[in-house]
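Engineer: I am attaching a structure below and will ask some questions about it afterwards.
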Amino acid sequence: MDPGLTIVGPNVVVAPVDNAGRTDVALTFADVGTPGITSVTRLESGAGFPDGGFSSLTNPPLYYDVETTAVFSSALGPWCASRSTPQS
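Take the sequence shown: its position 55, counted from the start at 1, is 55 in full-length UniProt numbering, and no numbers get skipped.
Quick look at the structure:
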């Protein structure tokens with residue numbers, strides 16, 4: 001199954017693969033009426049984010065642009081961004 005596939009239903013969780021090949025971001029759609037594809041693009045540090053984007057709460061922050069072809073009737077719900085910390 002495509003990890004960016006956004007199916008119809010309530011509380012749909014999607015964890016698309018970003019342009020770095022990672023699935024650090026999980027998005028929750030409160031109510032999806034028409035299925036579609038959701039994508040996440042990690043932006044360069046300090047680039048800021050466009051409409052529809054967000055930054056993580058990490059230090060330094062990570063910036064993402066989120067796009068979807070799914071039709072949803074409620075606001076995009078909780079999202080989670082995680083990042084592995086290299087061990088020395």
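Positions of the beta carbon are idealized from the N, C-alpha and C atoms, including for glycine.
1) What is the residue span of the beta strand (DSSP E) that Thr68 lies within?
2) Name the two residues that bound the continuous beta strand (DSSP E) containing Gly21.
3) Alpha carbon to alpha carbon, what distance is there between Val12 and Asn19?
4) By alpha-carbon positions, which one of Ala30, Gly21, Ala15, Tyr64 ends up nearest to Thr38?
5) Beta-carbon within less than 6 angstroms of Thr69's beta-carbon, same chain only, minus the 5 sequence neighbours each way: which residues are those?
6) Whose CA, out of Arg42, Gly9, Phe72, lies closest to the CA of Val17?
7) Does the beta-carbon of Asp2 have 16 or more other beta-carbons within 10 angstroms, so that it is buried, or is it exposed?
Structural biologist: Here's the rundown:
1) 63-68
2) Careful: Gly21 lies outside any beta strand (DSSP E) and carries neither H nor E.
3) 22 angstroms
4) Ala15
5) Gly36, Ile37
6) Arg42
7) exposed
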